[in-house]
Each structure stands twice: as C-alpha cells, then as structure tokens.
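Under my numbering, the residues of the sequence shown are numbered 389 to 534, in order. All C-beta atoms, glycine included, are put in the ideal place defined by N, C-alpha and C. Quick caveat, the model's predicted, so the values are computed rather than measured. Quick notes on the structure that follows.
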Amino acid sequence: MQVDRVVALHLKPESGGVAPVKALDAVAGKGFVGDKCFGRRHRQVLFISSTHLEELGFDPGQLREQVTVTLPTLQSLPVGTIVAVGDVEFEIEQDCEPCSRMAQMMGEEPEAFIARSSFKRGMLMKVRTSGTIRIGDEVKILGASA
C-alpha cells in the first residue's frame, strides 16, 4: 500500500515569488507563519498533487502552492474533507480554479492555460490544528469535517 507524503513546501512572502522551505509552522485558523496568506479566514493554504504538476509540466512551487503532495486523488476529494499532514489537520474549502492572472505569470495564453489546468490546480484549505509540517511527512485522508 502506497503511503502519500509531502514532497515540497514553499512559503509565499509578501512580495515576489515563492521560497522553498523544509518545514512550515501552521497556526489553526490562520495559515502558515510568514506566508502572505497568513491571517485569512479562508483560502489560507494551497495543496497540489505532484501528479498534476508533472502532467502540467511545472515544478513544485511554480504554481504558487505551499504544499506539494504525492496524493493523486487530492483533486477528487470533496469540500469538507479533513487531510492530515503529520499531526496537523487541514480542511478542504474549494478547488483552486485556474485564472488568467496565473496564466500570465506562467507566460501562457489564458484560455489555453485555463482549459489544460482545470481540476489540476490544487485544493484550497484552511488550517484546523496548529503544528509544524515537514518534507517527508505522511499525508492521510481523515474523512469529512463534523
């Protein structure tokens, strides 16, 4: 049985691109410490499957996700699903829909980028429990939120 894991972590500073890191400190209801999305009530964290990154021809972090995992079924999980990374729990809030802004950042024509990356752009989540996640941590699907 395959164990799914974190394969890359990135922090999005206030300006510029993303920075690869070995660990991220998650705060319940807030996001990752030092990340530009920290403190938001929603859309705190973006997870993406390494399978989809490979299909799209991008490297980890290139689509501005913070967490890259080897969970090929990530995109098919329903809203409200709880995903554990190590001891930290996250809740899926919505599919991250591709947009023309991201297409421009990737140097692609918006319609083509949106068409090829639909349902492969990752899942937006909120942090449910605090803790530190690291590259290599196991990823588990715990089920639906209560």
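* To do: Buried or exposed for residue 471, please, with buried defined as at least 16 other CB atoms from any protein chain shown within 10 angstroms of its CB.
  => Buried, since its Cβ has 16 or more Cβ neighbours within 10 Å.
* To do: Identify whether residue 518 lies in helix, strand or coil by the three-state DSSP scheme.
  => DSSP, reduced to helix, strand and coil, places residue 518 outside both helices and strands of the structure shown, so it counts as coil.
* To do: Going by CA-CA distance only, name the one from 525, 529, 532, 520 that's closest to residue 412.
  => Out of 525, 529, 532, 520, 520 has the C-alpha closest to the C-alpha of residue 412.
* Asked: In the DSSP assignment, what are the bridge partners of residue 437?
  -> The bridge partners DSSP lists for residue 437 are 457.
* By a C-beta neighbour count over all protein chains shown, 10 Å radius and 16 as the cutoff for buried, is residue 410 buried or exposed? -> Looking at its Cβ environment, which holds fewer than 16 other Cβ atoms inside 10 Å, residue 410 is exposed.
* Find out if the Cβ-Cβ distance for the pair residue 477, residue 430 is shorter than 8 Å. => Result no, Cβ atoms of residue 477 and residue 430 do not sit closer than 8 Å.
* Asked: Which residues bound the beta strand (DSSP E) around residue 423?
  -> Bounds of any beta strand (DSSP E) do not take in residue 423, whose DSSP letter is neither H nor E.
* Does DSSP put residue 412 in a helix, a strand or coil? -> Strand at residue 412.
* Within its chain, find whatever has a CB closer than 6 Å to the CB of residue 510; leave out the 5 residues flanking it on each side and keep chain order. => 434, 435, 436, 453, 484.
* **Chain-order list of residues whose beta-carbon lies under 6 Å from that of residue 535 (same chain, five-residue window excluded)** => This structure cannot settle anything about residue 535, because the visible part of the chain is limited to 389 through 534.
* **N- and C-terminal bounds of the beta strand (DSSP E) containing residue 480** => Residue 480 -> beta strand (DSSP E) spans 476-483.
* Please check the pair residue 525 and residue 474, which I expect to be a contact at CB under 8 Å, by giving their CB distance rounded to whole angstroms. => Going by Cβ atoms, the distance from residue 525 to residue 474 rounds to 4 Å, so yes, they are a contact pair.
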